[in-house]
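Student: Here it is: the structure, laid out below.
Protein chains: 2
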Amino acid sequence: MQSLQEKASEWSGVDQEDAFAIDQVNLYHKLGGLQPFINLSTDFYTRVYDDEEEWFRSIFANSKKEDAIQNQYEFFVQRMGGPPLYSQRKGHPALIGRHRPFPVTHKAAERWLHHMQQALDNATDIDHDSKTRMLNFFRHTAYFLVAGNDLKKQSQGVPPCNGANKPAAI
Amino acid sequence: MQSLQEKASEWSGVDQEDAFAIDQVNLYHKLGGLQPFINLSTDFYTRVYDDEEEWFRSIFANSKKEDAIQNQYEFFVQRMGGPPLYSQRKGHPALIGRHRPFPVTHKAAERWLHHMQQALDNATDIDHDSKTRMLNFFRHTAYFLVAGNDLKKQSQGVPPCNGANKPAAI
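First to last, the sequence lines map onto chains A and B. The numbering of the first sequence is our numbering, which starts it at 73 and goes up by one. The numbering of the second sequence is our numbering, which starts it at 73 and goes up by one.
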């Protein structure tokens, strides 16, 4: 069976090395701290909450825009070399676990990436090389979460109805 | 509804600040690099794979001991200030998603912590203060995963049998 990261690479077209090229430089320091991340997430979620595609916008309907922005930029800052703001407030990122309530399909991943591409294009405080690293990371991560979403389908597909309610890999 | 991190704090008895006190010092540098982490995970998994409690040992039956050791120490190194070894090889830690196949119950968390406590007690290359920080992190994380495990029960409890197969929070 393909691993999560193998699926993410295949579906996103971004290999593991390019996806984690964010770790070859400290982007938090390179970009000069918090503000470019706050700006990026604010621009991104402004696009998301104004999306003309109702099916995508509705995924976020139960979250406040300010909370979505803070959750995202704190995670980005922590993952890209800055202080662990996200974990101090919320614990482990646990990306798959925390995306569990949402329908992270290929189509939703592409729509998410469409808005993030636009937000990055619009960012004047992020240099070209950093944008490339970040976009590869985002693209791979989006499809990592699509792969994580498929785990949900697998477990929903079998156990409780036939009574064979035992864990998958044991 | 209680968040994952609120449940983790309540059940583990370790508050958020103590759990992430691992971030107040760079433990990877303080301990002098990779070796203490390799030693800890090797000692830990030797205890786990030799556990007299068959129910616990069997949770790991489908994984090779060497792989379990490497996955664990690479994650610890990455999370505690060292190079991102885990992500380079496997992508996001995604702790809840990757523990999904396993029955992470309160009882299993306590057994895991019992072995980790013994491995830490046995470690001569980790100072007392670092041991305290690490144990608080492990204790909180173990119960964070018990909280993550409960998400699984929730989603297994409802949808596929009654046909209302829609995502939880939307």
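For every residue, glycine included, the Cβ atom is placed at its ideal position computed from N, Cα and C.
(1) Does residue 169 of chain A come within less than 7 angstroms of chain B when only Cβ atoms are used?
(2) Residue 97 of chain A and residue 211 of chain A - do their beta-carbons sit closer together than 7 angstroms?
(3) Would the stretch 200-210 of chain A count as touching the stretch 76-85 of chain B if we require 3 or more Cβ pairs under 8 angstroms?
(4) Hey, would you say residue 218 of chain B sits closer than 7 angstroms to residue 176 of chain B, going by beta carbons?
(5) Using 7 angstroms as the limit for Cβ to Cβ distance, is residue 178 of chain A near chain B?
(6) Would you mind reading off the limits of the alpha helix (DSSP H) that contains residue 114 of chain A?
(7) Pick helix, strand or coil for residue 81 of chain A, following the three-state DSSP scheme.
(8) Does the stretch 178-195 of chain A come within contact of the stretch 143-161 of chain A, defined as at least 3 CB pairs closer than 8 angstroms?
(9) Tell me which residues share the same chain as residue 111 of chain B and place their Cβ nearer than 7 angstroms to its Cβ, disregarding the 5 neighbours each side in the sequence.
(10) For residue 88 of chain B, does the three-state DSSP call read helix, strand or coil?
(11) Can you confirm whether residue 164 of chain B, when its beta carbon is compared against all beta carbons of chain A, has any partner nearer than 7 angstroms?
(12) Let's test the definition: count the other Cβ atoms within 10 Å of the Cβ of residue 134 of chain B and tell me whether it reaches 16, buried, or not, exposed.
(13) Could you pull the start and end residues of the alpha helix (DSSP H) that residue 30 of chain A belongs to?
(14) Check whether the Cβ of residue 91 of chain B sits closer than 6 angstroms to any heavy atom of the ligand GTP, and report yes or no.
(15) Decide yes or no for the touch test of the stretch 167-175 of chain A against the stretch 159-175 of chain B: beta carbon pairs closer than 8 angstroms, at least 3 of them.
(16) Quick check on DSSP: helix, strand or coil for residue 103 of chain B?
(17) Below 7 angstroms between beta carbons is the criterion; list the residues of the stretch 136-163 of chain A that meet it against any residue of chain B, in chain order.
(18) Does any residue of chain B have a CB that is nearer than 7 angstroms to the CB of residue 77 of chain A?
(19) Buried or exposed for residue 179 of chain A, please, with buried defined as at least 16 other CB atoms from any protein chain shown within 10 angstroms of its CB.
(20) Taking Cβ to Cβ, would you say residue 109 of chain B is nearer than 7 angstroms to residue 145 of chain B?
(21) Taking the C-alpha atoms as reference points, what is the distance between residue 122 of chain B and residue 114 of chain A?
(22) Residue 87 of chain B CB to nearest chain A CB: under 7 angstroms?
(23) Sort B:132, B:76, B:103, B:79 by Cα distance to residue 116 of chain B and report the nearest one.
(24) So is residue 105 of chain B in contact with chain A if we call contact Cβ pairs under 7 angstroms?
(25) DSSP three-state label for residue 131 of chain B, please.
Tutor: Let me spell this out:
(1) At a cut-off of 7 angstroms between beta carbons, residue 169 of chain A contacts chain B.
(2) Cβ atoms of residue 211 of chain A and residue 97 of chain A: not closer than 7 angstroms.
(3) No contact exists between the stretch 200-210 of chain A and the stretch 76-85 of chain B.
(4) Cβ atoms of residue 218 of chain B and residue 176 of chain B: closer than 7 angstroms.
(5) It does not; no Cβ of chain B falls within 7 angstroms.
(6) That run of the alpha helix (DSSP H) goes 107-121.
(7) Shown here, residue 81 of chain A sits in a helix according to DSSP, grouped into three states.
(8) Output reads no: the stretch 143-161 of chain A does not touch the stretch 178-195 of chain A.
(9) Once the five neighbours on either side are set aside, the close Cβ partners of residue 111 of chain B are 195, 197.
(10) In the three-state reduction of the DSSP assignment, residue 88 of chain B falls in the helix class, which pools H, G and I.
(11) Taking 7 angstroms as the CB threshold, residue 164 of chain B lines the interface with chain A.
(12) Under this definition residue 134 of chain B is an exposed residue.
(13) Past the boundaries of the shown model lies residue 30 of chain A; chain A is included only from 73 to 242, so the question cannot be answered.
(14) You won't find the ligand GTP in this model; it holds no ligand whatsoever.
(15) Cβ pair count under 8 angstroms is three or more, so yes.
(16) Coil, per DSSP.
(17) Correct list: 156, 159, 160, 162, 163.
(18) Any Cβ of chain B closer than 7 angstroms to the Cβ of residue 77 of chain A would place that residue at the interface, and such an atom is present.
(19) With fewer than 16 other Cβ atoms within 10 Å, it is exposed.
(20) Yes. Within cutoff.
(21) Distance between the alpha carbons of residue 122 of chain B and residue 114 of chain A: 51 angstroms.
(22) Chain A, which has no Cβ nearer than 7 angstroms to the Cβ of residue 87 of chain B, makes this no.
(23) Answer by Cα proximity: B:132.
(24) False, the Cβ-Cβ gap to chain A never drops below 7 angstroms.
(25) Three-state DSSP puts residue 131 of chain B in a helix.
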